[in-house]
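Colleague: Just dropping this structure here.
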Amino acid sequence: MFGYSGKILRINLSSREIREEKLEEEVVKNWLGGRGLGVYYFLKEVNPKVDPLSEENKIIFLTGPLTGIQGAPTPGRAIVISKSPLNNRLSWSSSGGKLGPYLKFAGYDAVIIEGRSNEPVYLLVSDKGVEIRDAREIWGKNVFEAYEYLYNKIKEEFHIKDLSIVCIGPAGENLVKYSSILVEKYHAFGRMGFGAILGYKKLKAIVVFGDKKPEIYDGESFRRNVAEIIKKLRSSDIINDLSKYGTLGMLITRVIPIMRFLLIT
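According to our numbering, the stretch in the sequence shown is residues 802 to 1066, in order.
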């Protein structure tokens, strides 16, 4: 399938089982990728009454068909899906940074994380293999300290130029219900308290790297259509407001979580 790696990575922290699964073309046709694909897997596999901070809750990191494709609009975004400890509902968050592209380069469209580790661990995900590693040495460190430690360690170990690191700090470790998951220190899955889910699972970080670039069907046609799409995006008032003000550009619509997520009419 063009634009996809064609594989889902499933990691169970309780049993330490690591498994690759085929991403079925029929699923892609119906759910596309990113949030859609995450909702498909979550609703299929997780009891809606599950406690967010429990072994039964899963957290899924996802890419889309344009993720990691040079020249595409927003090719660096990644999505995380889980049941939120903040609102007790199936929720999602989005982040920039290098995680999305590097998941694709490692050979995966999504990573499904299940269960709970007894000891602090981090995941190493690459096109060279997948490992669950001891993270006791960095448990308790803030995200900047943990990032620097892992970045230098893995670069030296594998002799690579670059990688992506997803990490939580003490807030996530202590199950603060609005804690974030940081990506490369300055990007974040900032909403829905997903840092607490990684903290409960004793998962300090995920390190990702690889060289498997996704393929596109018709490069010339793709570039021509992308140029037209970018032209339209640049003329959009909504996009310009988001670029200038961030998500505060949506304030007038009140499409933001306020008043404890109560419905406002």
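For each residue, glycine too, the CB sits at the ideal point set by N, CA and C. None of these values were measured; they are calculated from a predicted model.
Can you say whether Pro853 is buried or exposed, counting buried as having 16 or more other CB atoms within 10 angstroms of its CB?
Modeller: Taking the sequence shown and counting its residues from 1, one reaches residue 853 at position 52. Looking at its Cβ environment, which holds 16 or more other Cβ atoms inside 10 Å, Pro853 is buried.
Colleague: Please go through the same chain and pick out, in chain order, the residues whose beta-carbon is closer than 7 angstroms to the beta-carbon of Asn943, but skip the five residues on each side of it.
Modeller: One-based indexing of the sequence shown puts residue 943 at position 142. Taken in chain order, the residues that qualify are Gly970, Pro971.
Colleague: Report the residue from Val829, Leu814, Glu818 whose alpha carbon sits nearest the alpha carbon of Lys808.
Modeller: For the purposes of this step, residue 808 is taken as residue 7 along the sequence shown, with counting starting at 1. Ranking the options by Cα distance to Lys808, first place goes to Val829.
Colleague: Nearest to Lys1013 by alpha carbon, out of Gly1000, Ile913, Asp1038, Phe906?
Modeller: Indexing the sequence shown from 1 puts residue 1013 at position 212. Among Gly1000, Ile913, Asp1038, Phe906, the Cα nearest to that of Lys1013 is on Phe906.
Colleague: Enumerate, from N- to C-terminal direction, the unbroken alpha helix (DSSP H) stretches of 4 or more residues contained entirely within the region 826-852.
Modeller: Counting only runs of 4 or more, we get 826-832, 835-846.
Colleague: Does DSSP put Ile955 in a helix, in a strand, or in coil?
Modeller: Here the question's residue 955 lines up with position 154 in the sequence shown. In this structure, Ile955 counts as helix in the three-state DSSP scheme.
Colleague: Who are the near neighbours of Arg937 in its chain, counting only those whose CB is closer than 7 angstroms to its CB and skipping five residues on each side?
Modeller: The residue given as residue 937 occupies position 136 in the sequence shown. Cβ neighbours of Arg937 beyond the five flanking positions: Glu920, Pro921.
Colleague: Within this structure, are the beta carbons of Gly897 and Arg917 separated by less than 8 angstroms?
Modeller: Here residue 897 is taken as the residue at index 96 of the sequence shown, counted from 1. Here residue 917 is taken as the residue at index 116 of the sequence shown, counted from 1. No. Outside cutoff.
Colleague: Hey, Pro902 and Gly869 are a contact pair by Cβ (cut 8 angstroms); roughly how many whole angstroms apart?
Modeller: For the purposes of this step, residue 902 is taken as the residue at position 101 of the sequence shown. For the purposes of this step, residue 869 is taken as the residue at position 68 of the sequence shown. With a Cβ gap of about 4 angstroms, Pro902 and Gly869 count as contacting.
Colleague: Taking His960 as the reference, give the member of Tyr952, Ser815, Lys884 with the closest Cα.
Modeller: If you number the sequence shown from 1, residue 960 lands on position 159. Closest by alpha carbon: Tyr952.
Colleague: If you check the beta carbons only, do Asp928 and Gly908 fall under 8 angstroms apart?
Modeller: Reading the sequence shown from its first residue, position 127 is the one you call residue 928. Reading the sequence shown from its first residue, position 107 is the one you call residue 908. Their beta carbons are under 8 angstroms apart, which means Asp928 touches Gly908 by this criterion.
Colleague: Using a threshold of 8 angstroms, state whether the C-beta atoms of Leu964 and Val1008 are closer than that.
Modeller: Start at 1 with the first residue of the sequence shown, and residue 964 comes out as number 163. Start at 1 with the first residue of the sequence shown, and residue 1008 comes out as number 207. Contact: yes.
Colleague: Secondary structure at Ala1006, three-state DSSP: helix, strand or coil?
Modeller: Mapped onto the sequence shown, residue 1006 falls at position 205. If DSSP states are grouped into helix, strand and coil, Ala1006 belongs with the strands.
Colleague: So who's on the other strand from Asp1038, going by DSSP bridges?
Modeller: As a working note, residue 1038 is residue 237 in the sequence shown. Asp1038 is not bridged to any residue.
Colleague: From the DSSP output, read off the bridge partner residues of Asp928.
Modeller: Locating residue 928 in the sequence shown gives position 127, counting from the first residue. Answer is none; Asp928 lacks a bridge partner.
Colleague: Taking Cβ to Cβ, would you say Ile1031 is nearer than 8 angstroms to Ala1006?
Modeller: For the purposes of this step, residue 1031 is identified with residue 230 of the sequence shown, where counting begins at 1. For the purposes of this step, residue 1006 is identified with residue 205 of the sequence shown, where counting begins at 1. No, the Cβ-Cβ distance between Ile1031 and Ala1006 is not below 8 angstroms.
Colleague: Taking only runs of the alpha helix (DSSP H) that begin and end inside the region 861-912, which ones reach a length of at least 4 residues, in chain order?
Modeller: 900-907, all fully within the region 861-912.
Colleague: Taking only three categories from DSSP, how would you classify Phe803?
Modeller: Here residue 803 corresponds to residue number 2 of the sequence shown, with the count starting at 1. Reduced to three states, the DSSP call for Phe803 is coil.
Colleague: Check for me: the alpha helix (DSSP H) holding Ile938 runs from which residue to which?
Modeller: Residue mapping note: residue 938 aligns to position 137 of the sequence shown, counting from 1. Reading off the sequence shown, one finds Glu at residue 938, where the question assumed Ile. Element bounds for Glu938: n/a, residue is neither H nor E.
Colleague: Hey, would you say His885 sits closer than 8 angstroms to Ile861, going by beta carbons?
Modeller: Counted from its first residue, the sequence shown places residue 885 at position 84. Counted from its first residue, the sequence shown places residue 861 at position 60. The identity of residue 885 in the sequence shown is Ser, whereas the question assumes His. For Ser885 and Ile861, no; Cβs fall outside 8 angstroms.
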